[in-house]
Amino acid sequence: MPNYALLVEYDGNHFYGWQKQKNLPTVQASIESALSVILRKNPASRLSVAGRTDTGVHALGMVCNFKTENSIPNFHKLLVSINALTPKGVSVKNVIEVPAEFHARFSCTGREYIYKIYYSKYESSFIEGRAFWEKHHVDWDYVETQLQNLIGEKDFRSLTKAKSMAGKRAVREIFDIRLERLTPEWIQIRIRANGFMHNMVRITVGTLLDIGKGRWKSRSIGSILEEKNRSIAGITLPPDGLYFVRAYYEDYPEIHELYKIILP
Numbered sequence: 001m002p003n004y005a006l007l008v009e010y011d012g013n014h015f016y017g018w019q020k021q022k023n024l025p026t027v028q029a030s031i032e033s034a035l036s037v038i039l040r041k042n043p044a045s046r047l048s049v050a051g052r053t054d055t056g057v058h059a060l061g062m063v064c065n066f067k068t069e070n071s072i073p074n075f076h077k078l079l080v081s082i083n084a085l086t087p088k089g090v091s092v093k094n095v096i097e098v099p100a101e102f103h104a105r106f107s108c109t110g111r112e113y114i115y116k117i118y119y120s121k122y123e124s125s126f127i128e129g130r131a132f133w134e135k136h137h138v139d140w141d142y143v144e145t146q147l148q149n150l151i152g153e154k155d156f157r158s159l160t161k162a163k164s165m166a167g168k169r170a171v172r173e174i175f176d177i178r179l180e181r182l183t184p185e186w187i188q189i190r191i192r193a194n195g196f197m198h199n200m201v202r203i204t205v206g207t208l209l210d211i212g213k214g215r216w217k218s219r220s221i222g223s224i225l226e227e228k229n230r231s232i233a234g235i236t237l238p239p240d241g242l243y244f245v246r247a248y249y250e251d252y253p254e255i256h257e258l259y260k261i262i263l264p
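Given below as C-alpha cells:
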C-alpha cells in the first residue's frame, strides 16, 4: 500500500489537542475527515503522528502519515483539497511518498519543541494564546548555566506530570537545549530529545524560570532531577507558548524533503 507523510501546521487554540476525541474538535479528526471526502474511492488508513500534542499546544512542523489502497497522482491537488476542507487553524504544508514501513511515531528518533516567553513588565496585545508572559525579573545568564545538566540520558520523573508516570519508566535523552534571546522582550527555549513525557517541556521551562527568579537558594536543576520527585520542581507553564517544531528520522532522509515547502 502506498504510504504518504504530511507536514502539518496548526494553532492549538482551535483544538483539543491532536488526538481524536468524541464530540470535540481535534487536529487528527479534521484532517481525517478531509481525507475521507477526498479519497472516498481510495480509502486511507488512520493517521499516525510524531507527537500527540495537548489542548492549546501549537505545531509549526508536525509529521503524520497514512496509507491508501492506490497511489495519489497529484500532490498539489491533494494539498489544496485538504486545506479547503479543514477548519481554521490547521494547514497541511507538504506531502511526500515514504517507504511502506515508515511510521510517523515509531520511526521517529527525535522531536524538537520551543517554548516562547514574552519578557516584559507590561503586557502585550499580541501574546494571548501564543506565548507566556513573564513580568518578573529572571536571571537569564544563570538559567543558561543550568541547561547543560539537562543534556543526556536521564530520569526526568521530577519534570513530568506525576499521575501519568505512575509505575512507568521515565528515562529520556535530551540531545540539545538552548536559550535563544531573540530580542530583549522575546525569549525562547529550544529543546530536542528522543521523546517527551506528559507536560515535560512545560514543567522543565517552568522550573528553569523559577530557578532564574531565585525561588530556591539551594536547589538546582541537577538536584531536582536527582530527587525524582515532581513536587520539588517548578510550575507547569500553560500550553500557550509551546510549539512542536520538527520531527527527526535518522533512517528516512527523505523526510528532510518534507520540510522543504513546495509551491505550485
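Using UniProt numbering, the first residue of the sequence shown is number 1, and each one after it goes up by one.
Positions of the beta carbon are idealized from the N, C-alpha and C atoms, including for glycine.
GLN28 counts as buried, since at least 16 other C-beta atoms from the protein chains shown sit within 10 angstroms of its C-beta.
In the DSSP assignment, LEU225 falls within the alpha helix (DSSP H) that extends over 221 to 227. Annotation: TRP140 is outside any beta strand (DSSP E); the continuous alpha helix (DSSP H) that includes it extends over 140 to 147. A Cβ-Cβ separation of about 16 Å leaves ARG52 out of contact with GLU112 under the 8 Å criterion. For GLU123, the closest C-alpha among the options TYR115, LYS135 and LYS116 is that of LYS135. The Cβ atoms of GLY89 and PHE15 sit closer than 8 Å to each other. Every unbroken stretch of the beta strand (DSSP E) spanning 3 or more residues and falling wholly within the UniProt domain "Pseudouridine synthase I TruA alpha/beta" (8 to 106) is given here in chain order: 58 to 67 and 90 to 98.
Pairing LYS116 with TYR10 gives a Cβ-Cβ distance that is not under 8 Å.
In this structure, MET62 lies near VAL8, with their beta-carbon atoms less than 8 Å apart. As for any alpha helix (DSSP H) of minimum length 4 sitting wholly inside the segment 160 to 196, there is none.
Using a 10 angstroms sphere on the CB of ILE235, the tally of other CB atoms stays under 16, which defines it as exposed.
When secondary structure is reduced to three states using DSSP, GLY206 falls in the helix class. The alpha carbon of SER220 has as its nearest neighbour, out of VAL37, VAL80, TYR142 and SER120, the alpha carbon of TYR142. Pairing LYS168 with ARG157, the inter-Cα distance amounts to about 9 Å.
Contact check for LEU258 against ASN94 passes: the beta carbons are separated by less than 8 Å. For the pair THR160 and PRO87, the Cα-to-Cα distance works out to about 32 Å. In the DSSP annotation of this structure, LEU237 is not part of any beta strand (DSSP E), being labelled neither H nor E. For the pair ASP54 and LYS41, the Cα-to-Cα distance works out to about 32 Å. Ranked by Cα distance from ILE127, the options ALA100, ASP155, LYS20 and TRP186 are led by TRP186.
Beyond the five residues adjoining it in sequence on each side, SER36 comes within less than 7 Å, by CB distance, of no other residue in the same chain. Within a 10 Å sphere around the beta-carbon of SER30 sit 16 or more other beta-carbons, which makes this residue buried. Listed in chain order, the non-local C-beta contacts of GLY56 below 6 Å within the same chain comprise GLY12 and PRO239, local neighbours out to five positions each way being set aside.
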